[in-house]
Amino acid sequence: MRKTVFLDRDGVINVDHGYVHQIDQFEFLPGVLSACRRLHEAGYALVVVTNQSGIARGYYDEAQFAHLTQWMKEQFNAAGAPLTAVYYCPHHPDKGNDPYVRDCDCRKPEPGMLVAAAQAYELDLARSYMIGDKPSDMTAGRQADVSGCVLVRSGKQVESTEGADVVVEGLQQAADWVLKQ
Ligand SMILES: [Mg+2]
Ligand SMILES: [Zn+2]
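Below is the structure:
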């Protein structure tokens, strides 16, 4: 059973330009890859869990998302911080097109992506952490019973710190905090 750091994508790994779906829109936040390498070297699996309602809304399709994700994984590999998995929720409860408009258990704040990853890859949620930029990320982590939730200020304007164990500037500082636990 592996300890894991679950990472939101937009606003945590890359600048949240809104519905990022192309390589030329994907701008890594500073220090992200080296922070992830430190977590990997400390024995943490790295799993991305990202809401992608842009798919439901028809802004891009799953093939485009997969193409960008493949490129993103290559960047992590090259940096010595391989991702164990990337989970995404393509749904939205009321906006968009069939078959994606529905209530689901994967869209954060639901914990479905974390729980599915834990089952598929034998991850130890009780020794794991969630890092995100929104309260819904914190709630997903709480609902999955991870050990701690870190809110970063590198994405969406922080309006509530509810559910966060700590609030830090970005992923570098989040990794520092995780590695001290
Ligand atoms: Mg985000
Ligand atoms: Zn979903």
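My numbering numbers the first residue of the sequence shown as 34 and each following residue consecutively. Glycine included, every Cβ here is placed at the ideal spot set by N, Cα and C.
query	result
Lining residues of ligand 2 - beta-carbon closer than 5 angstroms to any non-hydrogen atom, in sequence order	C122, H124, C137, C139 and R140
Boundaries of the alpha helix (DSSP H) in which A207 is found, first to last residue	L204 to K213
8 angstroms Cβ cutoff met for A68 and Q214	no
Sequence-distant residues of its chain with Cβ nearer than 6 angstroms to E195 (five each side left out)	P168
Under 8 angstroms between C-beta atoms of N47 and F39	no
Nearest-angstrom Cβ-Cβ length linking T37 and L156, presumed shorter than 8 angstroms	4 angstroms
Runs of beta strand (DSSP E) lying entirely within the stretch 99–156, each at least 3 residues, in chain order	118–122
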